[in-house]
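This report concerns only the one structure given below.
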């Protein structure tokens with residue numbers, strides 16, 4: 021991974037948090053945490069990993085709400101990032117936190 025790609029991933033992750041906190045008025049998205057951003061080699065697509073607390077129904081609703089807000093978020097990113105073309109955003113639920121919690125529970129049960 022190149023330096024430019026890595027720097028842009030970090031900038032997108034930081035700006036997404038700022039946008040979510042200050043510009044999005046939808047209360048259903050206030051509890052989303054962006055955990056990681058990965059870019060394709062040509063910097064055209066950004067996969068944004070996120071977590072949100074709640075049951076499966078709430079997670080599905082959050083996924084839909086993020087998809088609905090994708091255009092607004094991308095426009096807001098274009099105002100804050102100094103890049104020629106803002107990557108297409110693809111939101112993906114990050115299951116690593118839940119996976120870690122399951123492993124931790126298994127380890128506790130073994131003791």
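Numbering (this note's numbering), first residue to last: 21 to 131.
Backbone N, C-alpha and C define an ideal beta-carbon position, used for all residues, glycine too.
**Request:** Closer than 8 Å by C-beta to residue 34: which residues in its own chain qualify, once you throw out the five before and the five after it? Chain order, please.
**Result:** none
**Message:** Using only the alpha-carbon positions, how far apart do residue 99 and residue 112 sit?
**Reply:** 23 Å
**Message:** My output table needs one value for residue 108: the three-state DSSP class, helix, strand or coil.
**Reply:** strand
**Asked** From residue 53 to residue 131, what distance separates their C-alpha atoms?
**Response** 32 Å
**Asked** For the alpha helix (DSSP H) that contains residue 95, what are its first and last residues?
**Response** 76-100
**Contact set for residue 36: own chain, Cβ-Cβ below 8 Å, skip 5 residues either direction** = 54, 57, 68, 93, 97
**Prompt:** Can you list, in chain order, the residues of its chain whose CB lies under 7 Å from that of residue 29, leaving out five sequence neighbours each side?
**Reply:** 57, 58, 59
**residue 114 versus residue 102 - alpha carbon distance** = 27 Å
**Request:** Please report the Cβ distance between residue 129 and residue 85, rounded to the nearest whole angstrom; I am assuming they are in contact, meaning their Cβ atoms lie under 8 Å.
**Result:** At roughly 35 Å, the Cβ-Cβ gap does not stay under 8 Å, so residue 129 and residue 85 are not in contact.
**Request:** Using three-state DSSP, classify residue 128 as helix, strand or coil.
**Result:** helix
**Message:** Is the beta carbon of residue 61 closer than 9 Å to that of residue 25?
**Reply:** yes
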